[in-house]
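Peer 1: Before anything else, here's the structure in question.
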Amino acid sequence: MTRILVVDDEPDTVDLVKSIMEGAGYKVETAYNGKECLAKVKKEKVDIVLLDIMMPDMSGWDVFGKIMKSKKKMKVAFISIIEVSPERKDALMKQGLKDYIMKPFTKDELLKRIKKMI
Amino acid sequence: MLPSLRSKIVLITSVILLLAIGANSFSNSLFFSSEYSNVLQSSVFVVGENLRSQLNRILKLGIRLEDITGFEEQCQETVESYDYIAHAMIVDTRGKILFHSDPSEEGRTLTDPKILDLLKTGEGGIQIITENGNEYYEVMIPVFGIHDERIGAVGMGLPVEYVSGKADGLRAQSIFIMLVSFGVATFSLIFFISLWVTRPLTKLTMAIEDMGKEGGLNRKVQIRSNDEIGKLASTFNRMTDDLKKSREKTEKYSDQMEDKVSTRTTELEKKVKEMNEARIATLNIMEDIGEANKELEDRQKQIENANRELKKLDKLKSEFMNIGAHELKTPLIPIVGYLDMMRDAKNLDESQKTQIETCLRNANRLQMLVNDILDMSKLEAGSMKFEMKKTDVLAMIKNSVVDIETEAKKQGIKVISKLPESLPKLVIDEYRITEVLANLLNNAIKYNKPNGTITVSAGHKEKKVIVRVQDTGIGISKSDMKKMFTKFFQADTSAKRKYGGTGLGLAICKSIIKHHGGDIWIESELGKGSAFIFTLPIKKQEGGNDEDTCG
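Residue numbers (our numbering), protein chains in the order written: chain A, 8 to 125; chain B, -11 to 539.
In C-alpha cells, the structure reads:
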C-alpha cells in the first residue's frame, strides 16, 4: 500500500488532503512543519511526500533539498499556492521533484496526479 | 693703455704718409739722377757737336787739320763756358792730341784702348775712363774731311764726380722737400682731426658725462656738420630730449606712485584690519558650518533611516503581497476541497445538492477574485515579475486555442483559427501573454450567442504582431469600449451574474500588454459581435530575420 506523507502548516488543508487520499485508499501520515516532516521521513517508510512551500519554521524548498540529500527512495511533490515559472518548475524537476500541484485543487485532479506519480 | 684716438689716427696716417712720400722721393731721386746724368751727357754731345762744326767750318776753307793753329782757344772757351766740361780736345785718328783746353796736354797720344776703339768706329760714343785718378765720361765725336774721310775726333770730358755730386744735391733736395711736406701733412692731419673728429667727440663725451649731473639733460651738443659725428650729435641731442621727457614722465610717475602708494598703504592697512575681522567672522562661520554639517549629517542619517524604513516598508509590502496571497487563498482551499467532496456524497437530496453547488460556485468565484485582486495589486505596485524570453508566439496561440476547445464545444461554440504559416519570435513573458489570450478566449465563449463562432487570427506588420479574437456575441457600445479595460467594469450586469467573473480580467490584460509595450483595444458593433485585438512589438533583434520566424 502506498504511503503518503502530507506536510502543511494549515491543519485544515492537511485534513482535506488526508480525507481525499484515505477515501482513495492510501495510507496517510501527516506533518505540520518542516522539522516534523524530516523526522517522519527518517523514522517511517514513506512513498510520496506532498509538500507545502510556505511554512513558518522551514520552507518547502529547504525541506525538499534535505530530503533529496538524504537519498531516500521517495517521491516528492510540491502542493502550493505559489505560482512558479515553467523554467523554475523544470529546474526543480531536474533536481528530483515529481510534480508541482497548484492550490486550489479539485479532488479528481489531485487523485489523478497522485496516480500518475505512482 | 693705448694712446688717444687722435694719436692713433695720426700715428697710422703718418706711417702711411711717410712710407708714401719716402718711396716717392726715393724713386724720384733715382730717376732724376739717372735722367740728369743722361741730360748732361746729351748736352756734352751738343757742346761737342758745336766744337766739331767750328772745326768743320775751318776745314771747309780747305785748310788741313795738321795746318790749323790756335784751335786750343776754342777748346778753352768751351771748357770755360760749361762748368760741367772738364776738358775739350781734338785728336787725330791715331789718338794723338792736336788741340787741348790744357795746352800742356797737346802732343800726347791717348792710350786707353776703349777710346782707341771708339776712334776706329767713326761713329763716336761715350766711355768712362780714368785719367790722373779722376773718372770721366769721355765723349768722342768723329771729325770728317772734305772728302768725307775720317780725319780725327772731338773729345770732351765730363767728370763723373760732377754728375754724382749733382745727383746727391738733387736727392738731398728731394729729402728736404719730403720732410717738409711730411711735417706739413702731419700737422694738418693733427689739426683737422682735432677740428673735425676729436673736438666734437670730446664735446659729446663731456655732454654724456654731464648727463649724469644735475641739469645735464638740458645741455645741447653744438656740432653742426653733415658727417657721421654731426649725425651722432643730433641723434644724441634727440636722445637726450627723449631721455629728458621720459625722465620727466618717470619723475611725474614716481611722484604719483608715491602718492598712490601712500594712499594704497592706508587702504591696505584698512583692508588688513577688515580681513582680520572677516577672518574672525569666517572662523565663526566655519564653526557654524561645522555645526550645520553635523546637523546635515544628522539629517542624512535620518534620511538613511527613513530610506531603510521605506525599504523595510517596501519589503513588507511585497511580503504582504505574498503572505496576503497565501493568507487569502489558504482558507479557501479546505472550503472548496470539502465542498467538492460533499458534492459526491450519496445521501443528499436535490435541494442540498443545489446548495452545495452554489457554495462551491461562489467559493470558486471568491478564489478567482482573490487571484485577480492579487495580480492587479502586483501589476499596479510594479512588483509583478515578468520573465521575458524569446517565445514562439504562433505555437503559443495554437496551444491556447486547444486549451479552450473543450469548453467551447460544451457551449456549442465553433472555434475557427485563421493563423499565418509563420510569425516572428517575440521576447515576452509567455505565461502572462497566455493568460491574456485565455482571458480573451474565455470571454469570447462567455459572451457569445448560442452556436456562435470564435475566430482567432494573427499577423504581423510594421514591427508589430497583431492577435485578434473575434466573437459573434451581443457586441459592445462605443461608450462602453474604453471602460471595458477599467477595473470592475462589466457592460452587462446580467451576464456577470450568469457567468461570474471578477471584473478585473481585462484590466489585468491591458496592464500586461502595456508592460510589453503593446496595445489592446476593441472593435465592435452592437448585435454583430466584438473583436478584442492586441499587439506586441517586434524588437530589432527578434524580427526581420526569416530564421527567427517560425511556422
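Backbone N, C-alpha and C fix where the C-beta goes; we use that ideal spot for every residue, glycine too. Every value quoted in this text rests on a predicted model; they were computed, and no experiment measured them.
Chain A partners of residue 329 of chain B, CB-CB under 9 Å?
Peer 2: In chain order: 23, 26, 27, 30 and 114.
Peer 1: By the 10 Å Cβ neighbour count, where 16 or more other Cβ atoms means buried, how is residue 135 of chain B classified, buried or exposed?
Peer 2: Looking at its Cβ environment, which holds fewer than 16 other Cβ atoms inside 10 Å, residue 135 of chain B is exposed.
Peer 1: What does DSSP give as the partner residues of residue 125 of chain B in its beta bridges?
Peer 2: Note: residue 125 of chain B sits in a beta bridge opposite B/116 and B/146.
Peer 1: Let me make sure I understand the geometry here. Which of B/160, B/432, B/426 and B/458 has the alpha-carbon closest to that of residue 385 of chain B?
Peer 2: The residue with the shortest Cα to Cα distance from residue 385 of chain B is B/426.
Peer 1: So, is residue 298 of chain B buried or exposed, given that buried needs 16 or more other C-beta atoms within 10 angstroms?
Peer 2: Residue 298 of chain B comes out exposed.
Peer 1: Spatial neighbours of residue 475 of chain B within its chain, please: CB distance less than 8 Å, with the 5 preceding and 5 following residues excluded, ordered by chain position.
Peer 2: Answer for residue 475 of chain B: 364, 491, 492 and 495, listed in chain order.
Peer 1: Under a CB-based cut-off of 7 Å, is residue 20 of chain A close to chain B?
Peer 2: Closer than 7 Å: yes.
Peer 1: Our contact map puts residue 80 of chain B next to residue 53 of chain B with C-beta atoms below 8 Å; I'd like the distance itself, whole angstroms only.
Peer 2: That belief holds up - the Cβ atoms of residue 80 of chain B and residue 53 of chain B are roughly 7 Å apart, short of 8 Å.
Peer 1: Counting only Cβ-Cβ distances shorter than 8 Å, please list the residues of the stretch 409 to 427 of chain B near chain A, keeping chain order.
Peer 2: Hits within the stretch, in order: 418 and 419.
Peer 1: With a 10 Å radius around its C-beta and 16 neighbouring C-beta atoms as the bar for buried, classify residue 524 of chain B as buried or exposed.
Peer 2: Buried: at least 16 other Cβ atoms inside 10 Å.
Peer 1: When DSSP labels each residue in this structure, what does residue 15 of chain A get in the three-state scheme?
Peer 2: Three-state DSSP puts residue 15 of chain A in coil, outside helix and strand.
Peer 1: Please determine, among B/234, B/185 and B/106, the residue with the shortest C-alpha to C-alpha distance to residue 214 of chain B.
Peer 2: Residue B/185 is the option with its Cα nearest to residue 214 of chain B.
Peer 1: With H, G and I counted as helix, E and B as strand and the rest as coil, what does DSSP make of residue 36 of chain B?
Peer 2: Reduced to three states, the DSSP call for residue 36 of chain B is helix.
Peer 1: My output table needs one value for residue 278 of chain B: the three-state DSSP class, helix, strand or coil.
Peer 2: Helix at residue 278 of chain B.
Peer 1: Along the chain, where does the beta strand (DSSP E) that runs through residue 447 of chain B open and close?
Peer 2: Note, residue 447 of chain B: beta strand (DSSP E), 441 to 449.
Peer 1: On the criterion of 16 or more Cβ atoms from any shown chain inside 10 Å, does residue 506 of chain B qualify as buried, or is it exposed?
Peer 2: The residue in question, residue 506 of chain B, is buried, as its Cβ has 16 or more Cβ neighbours within 10 Å.
Peer 1: If residue 441 of chain B and residue 402 of chain B are in contact, beta carbons under 8 Å, what's the gap, nearest whole angstrom?
Peer 2: Right, the Cβ-Cβ distance comes to about 5 Å (below 8 Å), so this counts as a contact.
Peer 1: Comparing C-alpha positions only, which one of A/50, A/104 and A/47 sits nearest to residue 68 of chain A?
Peer 2: Cα-wise, what sits closest to residue 68 of chain A is A/104.
Peer 1: With DSSP as the reference, please indicate the residues paired to residue 84 of chain A in a beta bridge.
Peer 2: Note: residue 84 of chain A sits in a beta bridge opposite A/57 and A/106.
Peer 1: For the beta strand (DSSP E) that residue 522 of chain B lies in, which residues bound it at each end?
Peer 2: Residues 517 to 525.
Peer 1: Within its chain, find whatever has a CB closer than 8 Å to the CB of residue 473 of chain B; leave out the 5 residues flanking it on each side and keep chain order.
Peer 2: These residues qualify, in order along the chain: 494, 495, 497, 498 and 508.
Peer 1: Please check if any C-beta of chain A sits within less than 7 Å of the C-beta of residue 393 of chain B.
Peer 2: With 7 Å as the cut-off, residue 393 of chain B does not count as an interface residue toward chain A.
Peer 1: Residue range of the alpha helix (DSSP H) that residue 47 of chain A falls in?
Peer 2: Here the alpha helix (DSSP H) through residue 47 of chain A covers 41 to 50.
Peer 1: Are the stretch 14 to 25 of chain B and the stretch 145 to 155 of chain B touching by the rule of at least three beta carbon pairs closer than 8 Å?
Peer 2: Verdict: yes, contact present.
Peer 1: Might you give, ordered along the chain, the residues of its own chain that have their beta carbon closer than 6 Å to the beta carbon of residue 439 of chain B, omitting 5 neighbours on each side?
Peer 2: Correct list, in chain order: 400.
Peer 1: What do you get for residue 436 of chain B, buried or exposed, if any count of 16 or more other CB atoms within 10 angstroms of its CB means buried?
Peer 2: Answer is buried; the Cβ neighbour count reaches 16.
Peer 1: Which residues in chain A have a C-beta closer than 8 Å to the C-beta of residue 375 of chain B? List them in chain order.
Peer 2: Those are 92 and 94, listed as they occur along chain A.
Peer 1: With 16 as the cutoff for other CB atoms within 10 Å, does residue 532 of chain B come out buried or exposed?
Peer 2: Low per-residue confidence applies at residue 532 of chain B: pLDDT is 42, beneath 50, and the placement is therefore not dependable enough to give any value.
Peer 1: With 7 Å as the threshold, decide whether the Cβ of residue 504 of chain B is near any Cβ in chain A.
Peer 2: No, residue 504 of chain B does not count as interfacial toward chain A.
Peer 1: Between the Cα of residue 344 of chain B and the Cα atoms of B/329, B/355, B/206 and B/74, which residue gives the shortest distance?
Peer 2: Among B/329, B/355, B/206 and B/74, the Cα nearest to that of residue 344 of chain B belongs to B/329.
Peer 1: Using the DSSP secondary-structure output, state which residues sit across from residue 76 of chain B in a beta bridge.
Peer 2: In DSSP, residue 76 of chain B forms a bridge with B/144.
Peer 1: Can you tell me which of the three DSSP states residue 536 of chain B falls into?
Peer 2: Only weak support is given to the placement of residue 536 of chain B: the predicted model assigns it a pLDDT of 43, under 50, and the value that follows is read from those uncertain coordinates. It is helical.
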